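Residue numbers (full-length UniProt numbering): 1 to 115.
So, in structure tokens, the structure goes:
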């Protein structure tokens, strides 16, 4: 997923794997960042927690791969505190925004853009 400009995520190029089952598009793809990716809405396993990827409530077969990627890109910069997936990212986002931003910027440096 390409970084967004003028955000704390700027400068990063984040590896994301999309796994499409045989039931796609009836079921959403599984979207994963590397294990222990720092973000309130990414599980420690790397799995993305995003409403449109929820098979039981948010997924519709008409959702495109582009919409998924844009949704994940937006989620990086605008976490959803109502649906946390990891304790560390959530608590820092809510209780210590300065440290949260520092961790995000450090992570962006771990995944530098290739161009």
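For every residue, glycine included, the Cβ atom is placed at its ideal position computed from N, Cα and C. Source: prediction; values computed, not measured.
{"Check": "Got a sec, what are the start and stop residues for the alpha helix (DSSP H) residue 91 sits in?", "Outcome": "87–95"}
{"Check": "Rounded to the nearest angstrom, what separates residue 21 and residue 33 at their Cα positions?", "Outcome": "18 Å"}
{"Check": "Could you tell me which whole beta strand (DSSP E) segments of length 3 or greater appear in the UniProt domain \"UBC core\" (1–113)?", "Outcome": "17–19, 30–32"}
{"Check": "Where residue 100 and residue 12 are concerned, what is the direct C-alpha to C-alpha distance, given to the nearest angstrom?", "Outcome": "16 Å"}
{"Check": "In whole angstroms, what is the alpha-carbon distance linking residue 46 and residue 105?", "Outcome": "18 Å"}
{"Check": "Between which residues of its own chain and residue 111 is the CB-CB distance below 8 Å, once the five residues before and five after are set aside?", "Outcome": "12, 13, 14, 15"}
{"Check": "Assuming residue 75 and residue 41 make a contact with CB atoms under 8 Å, what is their CB distance in whole Å?", "Outcome": "6 Å"}
{"Check": "Can you tell me whether residue 81 is buried or exposed? The criterion is at least 16 other CB atoms within 10 Å of its CB, across all chains shown.", "Outcome": "exposed"}
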